[in-house]
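Numbering (this note's numbering), first residue to last: 422 to 1044. In this text, a Cβ means the ideal position worked out from N, Cα and C, and glycines have one as well. Take a look at the structure set out below.
Structure, rendered in structure tokens:
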């Protein structure tokens, strides 16, 4: 039971400003003992912070990691996103239900465990996976599941190389000397918990060089000359984006987007866990180049280990005077803080992220103004991805020409590719931008596993698209993937074999988009539900051929009318799946067609016919 005194102590420790609401509520949820924020607690938080009661309630309702109903000391979240789905999440769920004797949304009779599904946990190389509170468990089997839950019941922590409360990031990196290691060069060689280890490897030399040898404008020019483009998905030139920040002495802000929620992506998590100081140094250089004095890293709430290591790195950098005032003996001062997310995919969009940082629901903002004009708390703000900032120190240290020595003409440098799915070897690999899909799969993934044949690869995550056998020799860079009708995005390469049903795969994607729509704009809120409903009709063999064109029409309308990229995204996976596998969808229009994959999904995840928004036979489904 949370008391008023508990709430007062948490607010005093965290601060009562609205921007601290995520931390306040997370602390109180932990204190509840049942991972619950009851309505009385929320009302008292509103009273003691002067945040409107409606704003506190809306905040909790928006972020899926919070719950207002009683749960349990251990919340079990089973991942059902693409990589885990392909690798057996449905079977894992069966085993968990069998062992615990409950269904999603229920607690065990002893009140110890509460079960629910979740989207990608960012540990796709050890799929299928689950998270118990904030502890990750991967490579799940019936035997492991039993042992894990028995350990929690007995109070004995679960550790080990194969599974445990923390999965070592090194086990997620492919060990192959044929890689071009730049971002991953130090991982496995330095101690991520030690600033001395980072400095001994040459760390923080780049910020010293930037401050002593270059003006801020010259640093921006070097980044422009390097050809570095944003690694979060959009591929916008980083140096050009920095140049949009206003000149002058006003307070400005640098934001690192570490809300890595794209299904199949885990590169940023590994960089944060295994080389956190490299990210801080990249942000420092950006701060110097743009004249900013404040830096924030917005990290997915699920990434507890990354948050802890970044906090430790920030503390060490402050102790050494690397963060703070008069950095490297100059007039430049810069500080970095952590902001945590709450499990909302849409917060990967930069304006949604900024709203979340301010203690609001993560709704996208209308633009203009863009963040460079008015971002966090109205301050001019620059937002880049983890991989982008991590690339900056090497550019300053070794030069733009060196950076451009690998990659393709307009897409220089290396790229981190996140391999998952039905390959013999999965994990993170760093290769020159423009490496072909065939080389990634056959050389670094060692081919499709278990003697099966390649069917397609999803590139760029749920918001990307799929590539068939005809595009195995496509160079994977930012521009050529777009020309091929997909997007490189965050670097996801999810391989599916001949046993994968295209209808079932698309259903998983469209379910994800409906689940993650923030609901702010009608085209996305209604459109994602409608697309999900139509895809499920195919999975249940209740669709008609006209539903194929109906899905495309809906997705095209969403792309034109949605406020942010989430509502615009379903068109790409939809059109690319249909490009290769329209005939599969036609076969699923036959009520007598046998599809074990779809049957398993419907039985496992759909206990009623329609998603919550759409009901069978509703008039707006016709035409």
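Query: Residue 593 classed as buried or exposed, judged by whether at least 16 other C-beta atoms fall within 10 angstroms; Result: buried
Query: Cβ contact check for the stretch 799 to 809 and the stretch 613 to 625: 3 or more pairs under 8 Å; Result: no
Query: Through-space distance from residue 670 to residue 892, alpha-carbon basis; Result: 50 Å
Query: Spatial neighbours of residue 444 in its chain, beta-carbon cut-off 8 Å, leaving aside the 5 residues before and after; Result: 435 and 761
Query: The beta strand (DSSP E) enclosing residue 878, as first and last residue numbers; Result: 875 to 880
Query: Own chain residues within Cβ distance below 7 Å of residue 725, not counting five before or after; Result: 555
Query: Those runs of the alpha helix (DSSP H) which lie wholly inside the stretch 691 to 737 and span at least 4 residues; Result: 697 to 711
Query: Per DSSP, the bridge partner or partners of residue 670; Result: Answer by DSSP bridge pairing: none, since residue 670 is not bridged.
Query: Contact check, residue 852 vs residue 835, beta carbons under 8 Å; Result: yes
Query: C-alpha gap between residue 664 and residue 682, whole angstroms; Result: 28 Å
Query: Check whether residue 899 and residue 915 have beta carbons under 8 Å apart; Result: no
Query: Same chain only: Cβ atoms within 7 Å of residue 764, ignoring 5 sequence neighbours per side; Result: 484, 485, 486, 722 and 723
Query: Paired residues, beta bridge with residue 520 - DSSP; Result: Bridge partners of residue 520: none, in fact.
Query: Residue 431 versus residue 641 - alpha carbon distance; Result: 42 Å
Query: CA-to-CA distance, residue 489 to residue 481, given in whole angstroms; Result: 8 Å
Query: Which listed residue (499, 754, 825 and 875) has its alpha carbon closest to that of residue 647; Result: 825
Query: For residue 923, the nearest candidate out of 424, 894 and 956 (CA to CA); Result: 956
Query: With 16 other Cβ atoms within 10 Å as the buried cut-off, status of residue 787; Result: exposed
Query: Residue 849 Cβ short of 7 Å to the ligand ZN heavy atom set; Result: Ligands in the displayed structure: none, and consequently the ligand ZN is not present.
Query: Three CB pairs or more closer than 8 Å across the stretch 744 to 754 and the stretch 437 to 454; Result: no
Query: Best match in 695, 728 and 666 for proximity to residue 790 [C-alpha to C-alpha]; Result: 666
Query: Spatial distance of residue 938 from residue 784 (CA atoms); Result: 10 Å
Query: Short Cβ contact (8 Å threshold) for residue 734 with residue 697; Result: yes
Query: Best match in 794, 526, 503 and 476 for proximity to residue 549 [C-alpha to C-alpha]; Result: 503
Query: Nearest to residue 983 (by Cα), restricted to the options 792, 700, 942 and 468; Result: 942
Query: Alpha carbon of residue 846 to alpha carbon of residue 595, nearest angstrom; Result: 8 Å
Query: Cβ neighbour criterion (16 or more within 10 Å) applied to residue 586; Result: Any reading at residue 586 must be qualified, since the residue scores a pLDDT of 38, below 50, and its modelled position is unreliable; no value is offered.
Query: Environment of residue 422 [buried if 16+ CB atoms lie within 10 Å]; Result: exposed
Query: Delimiting residues of the beta strand (DSSP E) encompassing residue 760; Result: 756 to 761
Query: Nearest to residue 887 (by Cα), restricted to the options 981, 940, 871 and 1002; Result: 1002
Query: Sub-8 Å separation of residue 730 and residue 614 beta-carbons; Result: yes
Query: DSSP-derived helix/strand/coil call for residue 558; Result: strand
Query: Per DSSP, the bridge partner or partners of residue 916; Result: 842 and 878
Query: Per DSSP, cross-strand counterpart(s) of residue 497; Result: 536 and 553
Query: Which of helix, strand or coil DSSP assigns to residue 650; Result: strand
Query: Assumed close pair residue 677, residue 706 - CB separation to whole angstroms, cut-off 8 Å; Result: Rounded, the Cβ-Cβ distance is 12 Å, inconsistent with contact.
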